[in-house]
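Chemist: Handing you a structure now.
2 protein chains.
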Amino acid sequence: MTEPLFDRLCLIGAGLIGGSIARRNREGHALAREVIVTANSQATRDRVRELGFADRVEDDIAAAVRDADCVILCVPVGVYAQVMAKIAPHLKPGAILTDVGSTKGSVIRDLTPLLPAGVHLVPAHPMAGTEYSGPDSGFPTLFEGRYVIVTPTEGTDPAAVEKVRELWRRCGSMIESMDPVTHDKVVAIVSHLPHLIAFTICGTADDLSEETRESVLKFAASGFRDFTRIAGSDVNMWRDVFLNNREAVLEMLARFTEDAQAFGRAIRWGEAGFIEDRIKRGRKIRHSLIERKQA
Amino acid sequence: MTEPLFDRLCLIGAGLIGGSIARRNREGHALAREVIVTANSQATRDRVRELGFADRVEDDIAAAVRDADCVILCVPVGVYAQVMAKIAPHLKPGAILTDVGSTKGSVIRDLTPLLPAGVHLVPAHPMAGTEYSGPDSGFPTLFEGRYVIVTPTEGTDPAAVEKVRELWRRCGSMIESMDPVTHDKVVAIVSHLPHLIAFTICGTADDLSEETRESVLKFAASGFRDFTRIAGSDVNMWRDVFLNNREAVLEMLARFTEDAQAFGRAIRWGEAGFIEDRIKRGRKIRHSLIERKQA
Numbered sequence: 001m002t003e004p005l006f007d008r009l010c011l012i013g014a015g016l017i018g019g020s021i022a023r024r025n026r027e028g029h030a031l032a033r034e035v036i037v038t039a040n041s042q043a044t045r046d047r048v049r050e051l052g053f054a055d056r057v058e059d060d061i062a063a064a065v066r067d068a069d070c071v072i073l074c075v076p077v078g079v080y081a082q083v084m085a086k087i088a089p090h091l092k093p094g095a096i097l098t099d100v101g102s103t104k105g106s107v108i109r110d111l112t113p114l115l116p117a118g119v120h121l122v123p124a125h126p127m128a129g130t131e132y133s134g135p136d137s138g139f140p141t142l143f144e145g146r147y148v149i150v151t152p153t154e155g156t157d158p159a160a161v162e163k164v165r166e167l168w169r170r171c172g173s174m175i176e177s178m179d180p181v182t183h184d185k186v187v188a189i190v191s192h193l194p195h196l197i198a199f200t201i202c203g204t205a206d207d208l209s210e211e212t213r214e215s216v217l218k219f220a221a222s223g224f225r226d227f228t229r230i231a232g233s234d235v236n237m238w239r240d241v242f243l244n245n246r247e248a249v250l251e252m253l254a255r256f257t258e259d260a261q262a263f264g265r266a267i268r269w270g271e272a273g274f275i276e277d278r279i280k281r282g283r284k285i286r287h288s289l290i291e292r293k294q295a
Numbered sequence: 001m002t003e004p005l006f007d008r009l010c011l012i013g014a015g016l017i018g019g020s021i022a023r024r025n026r027e028g029h030a031l032a033r034e035v036i037v038t039a040n041s042q043a044t045r046d047r048v049r050e051l052g053f054a055d056r057v058e059d060d061i062a063a064a065v066r067d068a069d070c071v072i073l074c075v076p077v078g079v080y081a082q083v084m085a086k087i088a089p090h091l092k093p094g095a096i097l098t099d100v101g102s103t104k105g106s107v108i109r110d111l112t113p114l115l116p117a118g119v120h121l122v123p124a125h126p127m128a129g130t131e132y133s134g135p136d137s138g139f140p141t142l143f144e145g146r147y148v149i150v151t152p153t154e155g156t157d158p159a160a161v162e163k164v165r166e167l168w169r170r171c172g173s174m175i176e177s178m179d180p181v182t183h184d185k186v187v188a189i190v191s192h193l194p195h196l197i198a199f200t201i202c203g204t205a206d207d208l209s210e211e212t213r214e215s216v217l218k219f220a221a222s223g224f225r226d227f228t229r230i231a232g233s234d235v236n237m238w239r240d241v242f243l244n245n246r247e248a249v250l251e252m253l254a255r256f257t258e259d260a261q262a263f264g265r266a267i268r269w270g271e272a273g274f275i276e277d278r279i280k281r282g283r284k285i286r287h288s289l290i291e292r293k294q295a
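Line order of the protein sequences matches chains P and S.
Quick note: the first sequence uses UniProt numbering, first residue 1, plus one each step.
Quick note: the second sequence uses UniProt numbering, first residue 1, plus one each step.
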């Protein structure tokens, strides 16, 4: 039997990601001897107790992190500073503090100022998700075959980084390292901008005349459907992602908008060659993804 | 045994849609006693002969349509005028001329002027597709559970319209009628704009620095992937769709761009409430689709 990686692993937040990590441990993947879960809302904590995927559910966040060898923030990135203010005095010397947030610059900005000496900060981002959220939504195989990007800051203890990498290996993930600035740009184009577009086009459709909107819903099967799958995502999480990756998202939105306007201009002026070129580039990227088995 | 709907059904074009109609007939769905296929390229005609899903493959388009009770145009909408010039003199009096194009205003514009007296034009649009194209890509169940929109013009013989509706019923589709202008607006938002966005965002990603682009391909699994599925679509078909539904696509692009810019502005100025509202609307539309089983 594999030795558990940690004695006590504390998860702050028990939604899709936190709930999936806890369930992974339950299924015998030796993340920790004991998994302690806490969450801001009474309803969530009660539900976690009912579901039984944690060894211990703590109402008090300070009690939850005390004595934990590893603490993982599994809450929207917008509340990190606030959570850190509550937990920082209670973190054990030598403990590892890590997270699962979709932005990494803001996480380092919000956690570093209060980081106690001797606590190791290792930010991480598992690139896995579904359109569901809440304590019922997690499952132990969520991270299998998915990338986890680790963005250690300069001077982070290599042993702590390795422990976080091993945690995700035991979740079935592939691990990559990246600096936080590159991370934030990459996710802005592969994930945040597509979500912004998905949310937006739903609103655009919703603003059409009553009759057209009815037809839109009826005939959405072709094309629109794929855009709305990701539009089902969690409200608070995504609000915080946009607000906390502002520069990169705005840069990618600006680039995309220029390109979309150029496409529109080509349609207006009947520039068949330009349009064909754009479509061919789309197909090329698509085929690259298929070759890499990401599609 | 069901009586075949037509004696001779002629398919002009044998890609995903034409090939699927022919295969549907082969599987015993009684579309016609004989299915005649023609295609512009020798390679396609040869491949159709090899695949054997047509009863007869004609090199000469005039010979293909002669004596057909029903002719279906299954080619990109940009070549309709040109094809019509070739077939119009050979259409049988009483024959039905229909199509499968994704735009309907342009189809009526391009086919009506040469329509021989006594030939019934019934434009139609099966809202079904995959990211594959060509004679190998079709399959007999492609249209099952999908909508087909029929856009008869004023004065079209009701018996001819009913025959086209029955053809699609036998393909397993649900049939709706709509005027061509409404059709073109609805597909502009549910299908054409999403495709424009998908092609564009691939190009935007492709223009990033070498290092970022590499990472984009690697980490595309979350979000980006869904956008690129539809970006794998056929080049000529989509070029023609954009050029032939210009007004509606440009209108929807303009509306969408305004909305995306408003979203970007809210991110820049930290307007959490506005962002939450947009995300909630996205979720609402998503949930409507789930209720309608279109998701």
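Glycine residues also receive a C-beta, built at the ideal position from the N, C-alpha and C atoms.
All values reported here derive from a predicted model rather than from experimental measurement.
Taking 7 Å as the CB-CB limit, is C202 of chain S close to chain P?
Modeler: Walking along the second sequence from the start, residue 202 of chain S turns up at place 202. Yes, contact with chain P.
Chemist: Report the residues of the region 272 to 287 of chain P with a CB closer than 8 Å to any CB of chain S, ordered along the chain.
Modeler: A272, I275, E276, R278, I279, K280, R281, G282, R283, K284, I285, R286, H287
Chemist: Identify the contact partners of residue 314 of chain S in chain P, using a Cβ-Cβ distance below 8 Å as the criterion.
Modeler: Since the first and last residues shown for chain S are 1 and 295, residue 314 of chain S lies out of range.
Chemist: Residues in its own chain within less than 6 Å of A295 of chain S by CB, not counting five upstream and five downstream?
Modeler: Reading the second sequence from its first residue, position 295 is the one you call residue 295 of chain S. Low confidence applies to A295 of chain S: its pLDDT is 48, below 50, so where it sits in the model is not reliable, and the reading given next is rough at best. Once the five neighbours on either side are set aside, the close Cβ partners of A295 of chain S are L289.
Chemist: For W168 of chain S, return the contacting residues in chain P, with the cut-off set at a CB-CB distance below 8 Å.
Modeler: The sequence position of residue 168 of chain S within the second sequence is 168, counting from 1. Near W168 of chain S there are no residues of chain P at all, since even the closest Cβ is about 14 Å away, more than 8 Å.
Chemist: Got a sec: which bits of the region 97 to 126 of chain S sit with their beta carbon under 7 Å from any beta carbon on chain P, in order along the chain?
Modeler: none
Chemist: Using Cβ-Cβ distances below 9 Å, what residues of the region 159 to 192 of chain S are close to chain P?
Modeler: E176, M178, T182, H183, K185, V186, V187, I189, V190, S191, H192
Chemist: Are any of the Cβ atoms in chain P nearer than 7 Å to that of S215 of chain S?
Modeler: Residue 215 of chain S sits at position 215 when you count from the first residue of the second sequence. With 7 Å as the cut-off, S215 of chain S counts as an interface residue toward chain P.
Chemist: What would DSSP say about M237 of chain P, mapped onto helix, strand or coil?
Modeler: Your numbering for residue 237 of chain P matches position 237 in the first sequence. Helix, per DSSP.
Chemist: If P116 of chain S sits next to L91 of chain S, beta carbons under 8 Å apart, how far is it from one beta carbon to the other, in whole angstroms?
Modeler: Here residue 116 of chain S refers to the residue found at position 116 of the second sequence. Here residue 91 of chain S refers to the residue found at position 91 of the second sequence. The Cβ separation is near 6 Å, so the contact holds.
Chemist: Do I189 of chain S and the ligand NAP come close, with the Cβ less than 6 Å from some heavy atom?
Modeler: Annotation note on the ligand NAP: not contained in the displayed structure, which lists no ligands.
Chemist: For chain S, is any of its Cβ atoms less than 7 Å away from the one on W269 of chain P?
Modeler: Counting from one through the first sequence, the residue named residue 269 of chain P turns up at place 269. Output row for W269 of chain P: interface = no.
Chemist: For a test of the three-state rule: what should DSSP assign to S191 of chain S, helix, strand or coil?
Modeler: For this step, residue 191 of chain S is matched to residue 191 along the second sequence. The answer is helix: DSSP assigns S191 of chain S an H, G or I state.
Chemist: For my contact list, D7 of chain P and R33 of chain P are in at a C-beta cut-off of 8 Å; report their separation, rounded to the angstrom.
Modeler: On the first sequence, position 7 is the one that residue 7 of chain P refers to. On the first sequence, position 33 is the one that residue 33 of chain P refers to. Rounded, the Cβ-Cβ distance is 5 Å, consistent with contact.
Chemist: When we look at the beta-carbon of D46 of chain P and count the other beta-carbons within 10 Å, is it buried (16 or more) or exposed?
Modeler: In the first sequence, counting from the first residue as 1, residue 46 of chain P sits at position 46. With fewer than 16 Cβ atoms within 10 Å of its Cβ, D46 of chain P is classed as exposed.
Chemist: How far does the beta strand (DSSP E) with residue 296 of chain P in it extend, from its first residue to its last?
Modeler: For residue 296 of chain P there is no data in the structure shown, the boundaries of chain P being 1 and 295.
Chemist: Chain P partners of Y132 of chain S, CB-CB under 8 Å?
Modeler: Here residue 132 of chain S refers to the residue found at position 132 of the second sequence. Neighbours of Y132 of chain S on chain P: none; closest Cβ ~11 Å, over 8 Å.
Chemist: Would you report the Cα separation of Y80 of chain P and I72 of chain P, rounded to the nearest angstrom?
Modeler: In the first sequence, counting from the first residue as 1, residue 80 of chain P sits at position 80. In the first sequence, counting from the first residue as 1, residue 72 of chain P sits at position 72. So the alpha carbons of these two residues sit roughly 11 Å apart.
Chemist: Could you tell me which residues DSSP puts in a beta bridge with P126 of chain S?
Modeler: Within the second sequence, the letter at position 126 stands for residue 126 of chain S. Note: P126 of chain S sits in a beta bridge opposite S:V148.
Chemist: Check whether the Cβ atoms of L243 of chain S and G270 of chain P sit closer than 7 Å, and answer yes or no.
Modeler: Locating residue 243 of chain S in the second sequence gives position 243, counting from the first residue. Locating residue 270 of chain P in the first sequence gives position 270, counting from the first residue. The answer is yes: Cβ separation under 7 Å.
Chemist: Could you tell me which residues DSSP puts in a beta bridge with S177 of chain S?
Modeler: The sequence position of residue 177 of chain S within the second sequence is 177, counting from 1. DSSP lists S:V150 as partners of S177 of chain S.
Chemist: Just how far apart, CA to CA, sit F274 of chain S and M252 of chain P?
Modeler: In the second sequence, the residue the question calls residue 274 of chain S occupies position 274. In the first sequence, the residue the question calls residue 252 of chain P occupies position 252. Using only the alpha carbons, I get a separation of about 20 Å.
Chemist: Less than 7 Å between the beta carbons of T204 of chain S and R255 of chain P, yes or no?
Modeler: On the second sequence, residue 204 of chain S is found 204 positions in, with the first residue counted as 1. On the first sequence, residue 255 of chain P is found 255 positions in, with the first residue counted as 1. Their beta carbons are under 7 Å apart, which means T204 of chain S touches R255 of chain P by this criterion.
Chemist: At which residues does the beta strand (DSSP E) containing T98 of chain S begin and terminate?
Modeler: Walking along the second sequence from the start, residue 98 of chain S turns up at place 98. It spans 96 to 99 - the beta strand (DSSP E) in which T98 of chain S sits, taken as one unbroken run.
Chemist: So G145 of chain S and G172 of chain S are supposed to be a Cβ contact under 8 Å. How far apart are they, rounded?
Modeler: For the purposes of this step, residue 145 of chain S is taken as the residue at position 145 of the second sequence. For the purposes of this step, residue 172 of chain S is taken as the residue at position 172 of the second sequence. About 7 Å separates the two Cβ atoms, so the contact holds.
Chemist: When the cut-off is 7 Å and only beta carbons count, does L253 of chain S lie next to chain P?
Modeler: For the purposes of this step, residue 253 of chain S is taken as residue 253 along the second sequence, with counting starting at 1. For L253 of chain S, the answer is yes, since a Cβ of chain P falls inside 7 Å of its Cβ.
Chemist: Could you spell out where the alpha helix (DSSP H) holding A32 of chain S opens and where it closes?
Modeler: In the second sequence, counting from the first residue as 1, residue 32 of chain S sits at position 32. A32 of chain S -> not in any alpha helix (DSSP H); beta strand (DSSP E) instead, spanning 32 to 38.
Chemist: Rounded to the nearest angstrom, what separates L11 of chain S and F224 of chain P at their Cα positions?
Modeler: Here the question's residue 11 of chain S lines up with position 11 in the second sequence. Here the question's residue 224 of chain P lines up with position 224 in the first sequence. Distance between the alpha carbons of L11 of chain S and F224 of chain P is about 29 Å.
Chemist: CB M174 of chain P to CB F219 of chain S, shorter than 7 Å?
Modeler: If you number the first sequence from 1, residue 174 of chain P lands on position 174. If you number the second sequence from 1, residue 219 of chain S lands on position 219. Contact: no.
Chemist: Which whole-angstrom value describes the C-beta separation of T228 of chain P and I285 of chain S, a residue pair presumed to lie in contact below a C-beta threshold of 8 Å?
Modeler: Locating residue 228 of chain P in the first sequence gives position 228, counting from the first residue. Locating residue 285 of chain S in the second sequence gives position 285, counting from the first residue. For a cut-off of 8 Å, the C-beta gap from T228 of chain P to I285 of chain S is around 6 Å, short enough to register as a contact.
Chemist: Buried or exposed for V181 of chain P, please, with buried defined as at least 16 other CB atoms from any protein chain shown within 10 angstroms of its CB.
Modeler: Looking up residue 181 of chain P in the first sequence gives position 181. It counts as exposed.
Chemist: Along the chain, where does the alpha helix (DSSP H) containing L11 of chain P start, and where does it finish?
Modeler: Start at 1 with the first residue of the first sequence, and residue 11 of chain P comes out as number 11. Not the alpha helix (DSSP H): L11 of chain P falls in the beta strand (DSSP E), residues 6 to 12.
Chemist: Which residue marks the beginning of the alpha helix (DSSP H) containing R49 of chain S, and which one marks its end?
Modeler: Along the second sequence, read from residue 1 onward, the residue named residue 49 of chain S stands at position 49. From DSSP, the alpha helix (DSSP H) with R49 of chain S extends over 42 to 51.
Chemist: With a CB to CB cut of under 6 Å and the five nearest residues on each side skipped, what residues in its chain are close to I17 of chain S?
Modeler: The count along the second sequence starts at 1 and reaches residue 17 of chain S at position 17. Correct list, in chain order: C74, V100.
Chemist: If we ignore side chains and look at the alpha-carbon of each, how far apart do L31 of chain S and T130 of chain S end up?
Modeler: Here residue 31 of chain S is taken as the residue at index 31 of the second sequence, counted from 1. Here residue 130 of chain S is taken as the residue at index 130 of the second sequence, counted from 1. Each residue's Cα considered, the two are about 22 Å apart.
Chemist: To the nearest angstrom, how far is the alpha carbon of D110 of chain S from that of M84 of chain S?
Modeler: Within the second sequence, the letter at position 110 stands for residue 110 of chain S. Within the second sequence, the letter at position 84 stands for residue 84 of chain S. Straight-line Cα distance between these residues: approximately 8 Å.
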